[in-house]
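Engineer: Dumping the structure here so I can ask a few things about it.
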Amino acid sequence: MPVLSSSLVRVLTLVGTLLAFLLPATSADASSPLRTHASARGKFIGAALATSPLSNETSYRNIAATEFSQVTAENAMKWDATEPSQGQFNFSGADAIVNFATQNNQQVHGHTLVWHNQTPGWVQGLSATAMRSAMQNHISQVVGRYASNATVVSWDVVNEVFDDNGNLRTSFWYNTLGQSYIADAFRAARAADSNARLCINDYNVEGINAKSTAMYNLVSSLRQQGVPVDCVGFQGHLAIQYGFPNDLQQNLQRFADLGVQVRITELDVRMQMPRDASKDATQATYYRNVVNACLNVTACAGVTIWGFTDKYSWVPDTFQGQGAALIYDENYQPKSSYNAVHDALAGGTTTDTTPPTTPGTPVAGNVTSNSAGLTWTASTDSGGSGLAGYNVYREQGATDPLGQSTTNSITLTGLSPETQYQVYVRARDGAGNLSANSPLVTFTTTAGQGGGGCTAAGTVQTQWNNGYVVQPVTVTNTGTSSMSGWTVTFTLPAGHTLTGSWNASVSVSGQTVTARNAGHNGTLAPNTGTTFGFQASRPNGNTQTPSGYTCA
Ligand code: XIL
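Under the working numbering, the letters of the sequence shown match residues 13 to 564, in that order.
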């Protein structure tokens with residue numbers, strides 16, 4: 013049946029062509045740049061760009077061009093750059109960004125028209141009438157310049173109009189013009205470009221809190237009055253030491269339900285310096301979570317990172333002692349956070365089978381009769397799942413690790429006195445891949461203390477704003493003869509109060525806690541141990557925990 017089979021071929025060819033269009037995987041394979049994966053998911057992935065490295069550094073330009081589908085001028089479109097004196101407009105920096113984006117088929121988000129920072133003194137000193145018309149003129153000139161330029165698609169019309177409590181910020185704008193400046197700015201922007209998407213942008217509004225709720229109420233009320241607010245920008249200046257806003261997606265969704273587009277506009281995730289593998293892994297999780305939150309909210313247009321290389325970031329200049337907030341290091345090498353963004357955009361479908369690099373030779377220090385400290389050169393992980401930590405093994409036999417650590421050091425406890433240990437370290441990544449063994453280190457524990465001797469160490473099992481549980485406190489007989497009872501002491505930080513204990517009989521005097529064995533756990537043979545636990549409360553916001561565990 014030649015006729016039938018040739019039409020069958022045609023149908024199959026058509027199906028094949030349709031599939032090729034429908035399946036993003038054909039164009040976004042695992043090694044594709046971020047923007048390819050983002051486009052396949054219907055989102056943009058962007059970066060804030062600075063004009064000076066853009067014109068001076070090839071690596072900067074290449075990454076900016078190939079990885080991102082959207083750009084924001086980090087400073088070049090702000091008022092002090094575009095209208096430094098009244099009526100004197102300078103678009104050199106702004107045009108450089110827009111031209112770069114046009115060449116690289118990227119969209120530009122204009123940032124920012126009305127803000128209390130980076131606005132020249134001449135604006136701040138104007139009377140109400142003059143300030144309102146200066147604002148309208150500025151918006152009309154800046155937005156108007158790019159109104160027919162297809163590259164520039166959206167604007168931050170007002171930026172940071174709330175203070176940290178969610179009250180309207182008492183900026184010179186508010187103090188001179190009252191709240192009406194916000195609606196007026198949006199109306200002026202709409203008049204200058206009827207197509208651009210007009211956004212209100214702020215920080216500390218990622219989670220559901222007083223400030224984001226104030227923003228929600230303002231956007232809702234402006235839209236009810238017919239003020240053209242099309243979009244809400246969540247800056248996303250996060251820090252690993254402050255925790256992740258776990259209700260980000262829920263918060264984005266409640267704004268989306270108002271009918272506005274939402275976007276992450278200035279994402280970075282800073283850390284206390286120095287950087288280490290475990291902080292990098294946490295940071296990668298934050299980046300992944302932000303991208304996933306946007307992917308999960310249909311009205312989220314995309315994510316803009318506030319820069320891309322740690323070589324150029326506002327963080328070290330602004331937050332003392334903090335840095336390393338971006339997805340490439342200072343040498344333009346992608347960090348775990350790059351992989352996290354990449355894999356989230358790629359749909360998490362790539363499987364990480366690449367183990368971390370081999371840890372360096374461990375160095376032993378502080379060797380006692382039952383414990384030893386080890387430090388080694390950290391591993392790195394390029395497979396995508398990120399470095400998760402290290403396992404420490406004893407060469408002489410055991411399959412179970414002697415200990416585990418999330419950093420490149422550990423204190424091994426529960427060792428036997430006068431015993432030689434040969435140990436090595438393996439790094440593990442988030443997907444469970446283990447590195448090769450590090451070279452061995454050999455050390456010998458010291459003699460136990462004659463007939464007696466014991467040690468105690470406490471681990472915080474869980475903690476919350478104003479309290480914590482320490483469980484277990486391990487008590488170990490490090491001596492060579494049996495013990496019939498033990499006494500552990502430790503120090504509670506000032507203001508902390510013991511609220512309960514178990515498996516020990518506990519008394520408190522000042523800040524010193526004395527814990528004696530209970531009836532059932534006083535007898536300890538040499539090299540054996542027992543545990544007890546306790547709970548304490550502490551002042552709100554205090555992060556201290558007890559220290560100085562000693563055993564007798
Ligand atoms: C920052 C820039 O990154 C710095 O280079 C500049 O010195 C100050 O402004 N919120 C914003 C951004 O909306 O415009 C700010 O950018 C960072 C905080």
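In this text, a Cβ means the ideal position worked out from N, Cα and C, and glycines have one as well.
From a predicted model like this one, the values you see are computed outputs, not experimental measurements.
Is any heavy atom in the ligand XIL found nearer than 8 Å to the beta carbon of Y215?
Structural biologist: On the sequence shown, position 203 is the one that residue 215 refers to. Checking every heavy atom of the ligand XIL against the Cβ of Y215, one is found closer than 8 Å.
Engineer: So what's G444 in DSSP terms, helix, strand or just coil?
Structural biologist: On the sequence shown, residue 444 is found 432 positions in, with the first residue counted as 1. Coil, per DSSP.
Engineer: Here's the rule I'm using: 16 or more other beta-carbon atoms within 10 Å means buried, otherwise exposed. How should A584 be labelled?
Structural biologist: Not covered by the structure: residue 584. The range shown for the chain is 13 to 564.
Engineer: DSSP on W514, reduced to helix/strand/coil?
Structural biologist: Numbered from 1 along the sequence shown, position 502 holds the residue referred to as residue 514. It is a strand residue.
Engineer: Determine whether the beta carbon atoms of I346 and A439 lie at a separation below 9 Å.
Structural biologist: By one-based count along the sequence shown, residue 346 stands at place 334. By one-based count along the sequence shown, residue 439 stands at place 427. The sequence given here has Pro at residue 346, not Ile. No, the Cβ-Cβ distance between P346 and A439 is not below 9 Å.
Engineer: Is it right to say A356 is buried, meaning 16 or more other beta carbons lie within 10 angstroms of its own, or is it exposed?
Structural biologist: Position 344 of the sequence shown holds residue 356. A356 should be labelled buried.
Engineer: Run the proximity test for K90: is its beta-carbon closer than 8 Å to any non-hydrogen atom belonging to the ligand XIL?
Structural biologist: Residue mapping note: residue 90 aligns to position 78 of the sequence shown, counting from 1. Relative to the ligand XIL, the beta carbon of K90 is positioned inside 8 Å of a heavy atom.
Engineer: State the Cα-Cα distance for the pair L498 and Q475, rounded to the nearest angstrom.
Structural biologist: For this step, residue 498 is matched to residue 486 along the sequence shown. For this step, residue 475 is matched to residue 463 along the sequence shown. The sequence shown places Trp at residue 498, rather than the Leu named in the question. Cα to Cα, W498 sits roughly 27 Å from Q475.
Engineer: Three or more C-beta pairs closer than 8 Å, one from the stretch 247 to 263 and one from the stretch 287 to 298: is that the case here?
Structural biologist: yes
Engineer: Mind checking L424: buried by the 16 CB within 10 Å criterion, or exposed?
Structural biologist: Residue numbering aside, residue 424 sits at position 412 when the sequence shown is read from its first letter. Buried.
Engineer: Ordered along the chain, which non-local residues of its own chain (more than five positions away) have a Cβ less than 6 Å from that of D322?
Structural biologist: Taking the first residue of the sequence shown as position 1, residue 322 is located at position 310. Taken in chain order, the residues that qualify are A336, L338, D341 and E342.
Engineer: Express the C-alpha separation of N229 and V217 in angstroms, rounding to a whole number.
Structural biologist: Translated into positions along the sequence shown, residue 217 becomes position 205. Translated into positions along the sequence shown, residue 229 becomes position 217. Distance between the alpha carbons of V217 and N229: 13 Å.
Engineer: What is the residue span of the alpha helix (DSSP H) that H354 lies within?
Structural biologist: Reading the sequence shown from its first residue, position 342 is the one you call residue 354. Per DSSP, H354 belongs to the alpha helix (DSSP H) from S348 to L357.
Engineer: State the DSSP-derived secondary structure class of Y344, mapped to helix, strand or coil.
Structural biologist: Looking up residue 344 in the sequence shown gives position 332. Reduced to three states, the DSSP call for Y344 is coil.
Engineer: Check the DSSP bridge columns for T418 and list the partner residues they point to.
Structural biologist: Here residue 418 corresponds to residue number 406 of the sequence shown, with the count starting at 1. Residue pairing by DSSP leaves T418 without any beta bridge partner.
Engineer: Within the continuous beta strand (DSSP E) that includes S403, where are the two ends?
Structural biologist: On the sequence shown, residue 403 is found 391 positions in, with the first residue counted as 1. For the sequence presented, residue 403 should be read as Asn rather than Ser. Start and end: L399 to R406.
Engineer: Quick check: does the Cβ of E86 come within less than 8 Å of any heavy atom belonging to the ligand XIL?
Structural biologist: Taking the sequence shown and counting its residues from 1, the one referred to as residue 86 is at position 74. Within the cutoff, so yes.
Engineer: What are the residues that DSSP puts in a beta bridge with Y436?
Structural biologist: The count along the sequence shown starts at 1 and reaches residue 436 at position 424. Answer is Y405.
Engineer: DSSP on Q339, reduced to helix/strand/coil?
Structural biologist: The count along the sequence shown starts at 1 and reaches residue 339 at position 327. At residue 339 the sequence reads Ile, which differs from the Gln that was named. If DSSP states are grouped into helix, strand and coil, I339 belongs with coil.
Engineer: Would you say T457 and A530 are within 9 Å of each other, going by their C-beta atoms?
Structural biologist: One-based indexing of the sequence shown puts residue 457 at position 445. One-based indexing of the sequence shown puts residue 530 at position 518. No, they are not a contact pair.
Engineer: Identify whether G282 lies in helix, strand or coil by the three-state DSSP scheme.
Structural biologist: As a working mapping, residue 282 is identified with position 270 in the sequence shown. Correcting the residue type first, residue 282 is Arg in the shown sequence and not Gly. Reduced to three states, the DSSP call for R282 is strand.
Engineer: Less than 9 Å separating the beta-carbons of I57 and F80?
Structural biologist: Taking the first residue of the sequence shown as position 1, residue 57 is located at position 45. Taking the first residue of the sequence shown as position 1, residue 80 is located at position 68. In this structure, F80 lies closer than 9 Å to I57 by Cβ.
Engineer: According to DSSP, is P65 part of a helix, a strand, or is it coil?
Structural biologist: The residue labelled residue 65 in the question sits at position 53 within the sequence shown. Reduced to three states, the DSSP call for P65 is helix.
Engineer: So for A60, helix, strand or coil by DSSP?
Structural biologist: One-based indexing of the sequence shown puts residue 60 at position 48. Three-state result, A60: strand.
Engineer: Below 8 Å on the Cβ atoms is my contact criterion, and I expect V165 with Q115 to pass it. Report the Cβ-Cβ distance as a whole number of Å.
Structural biologist: By one-based count along the sequence shown, residue 165 stands at place 153. By one-based count along the sequence shown, residue 115 stands at place 103. Rounded, the Cβ-Cβ distance is 16 Å, inconsistent with contact.
Engineer: By Cβ distance, which residues of its chain are closer than 8 Å to R199, with the 5 residues on each side in sequence left out?
Structural biologist: Along the sequence shown, one-based indexing puts residue 199 at 187. Cβ neighbours of R199 beyond the five flanking positions: V239 and P240.
Engineer: Going by the beta-carbon positions, is the gap between T188 and S139 smaller than 9 Å?
Structural biologist: Start at 1 with the first residue of the sequence shown, and residue 188 comes out as number 176. Start at 1 with the first residue of the sequence shown, and residue 139 comes out as number 127. The answer is yes: Cβ separation under 9 Å.
Engineer: Closest to V281 by CA distance: which of D269, V272, F267 and V303 is it?
Structural biologist: For this step, residue 281 is matched to residue 269 along the sequence shown. Nearest C-alpha to V281: V303.
Engineer: Below 8 Å CB to CB, which residues in the same chain sit around D92 once its five sequence neighbours on both sides are set aside?
Structural biologist: As a working mapping, residue 92 is identified with position 80 in the sequence shown. So the list reads Q130, T131 and P132, once near-sequence residues are dropped.
Engineer: Considering only the alpha carbon of each residue, which of L510, Y561, M143 and S519 lies closest to S549?
Structural biologist: Within the sequence shown, the letter at position 537 stands for residue 549. Among L510, Y561, M143 and S519, the Cα nearest to that of S549 belongs to L510.
Engineer: Hey, is the stretch 65 to 74 in contact with the stretch 41 to 51, meaning 3+ C-beta pairs nearer than 8 Å?
Structural biologist: no
Engineer: Identify whether R287 lies in helix, strand or coil by the three-state DSSP scheme.
Structural biologist: By one-based count along the sequence shown, residue 287 stands at place 275. Annotated three-state conformation of R287 is coil, per DSSP.
Engineer: Quick check: the Cα distance between N87 and A390, rounded to an integer number of angstroms?
Structural biologist: Working through the sequence shown from its first residue, we reach residue 87 at position 75. Working through the sequence shown from its first residue, we reach residue 390 at position 378. Cα to Cα, the separation comes out at about 36 Å.
Engineer: Of the choices T540, P286, S43 and Q273, whose alpha-carbon is the least far from that of G465?
Structural biologist: Numbered from 1 along the sequence shown, position 453 holds the residue referred to as residue 465. Of the listed residues, the one whose Cα sits closest to G465 is T540.
Engineer: Nearest by alpha-carbon distance to N308: which of H121, R266, P374 and P451 is it?
Structural biologist: One-based indexing of the sequence shown puts residue 308 at position 296. For N308, the nearest C-alpha among the options comes from R266.
Engineer: Taking only the alpha-carbon atoms, compute the straight-line gap between N221 and N533 and give it to the nearest angstrom.
Structural biologist: As a first step, residue 221 must be located in the sequence shown, where it is residue number 209. As a first step, residue 533 must be located in the sequence shown, where it is residue number 521. So the alpha carbons of these two residues sit roughly 48 Å apart.
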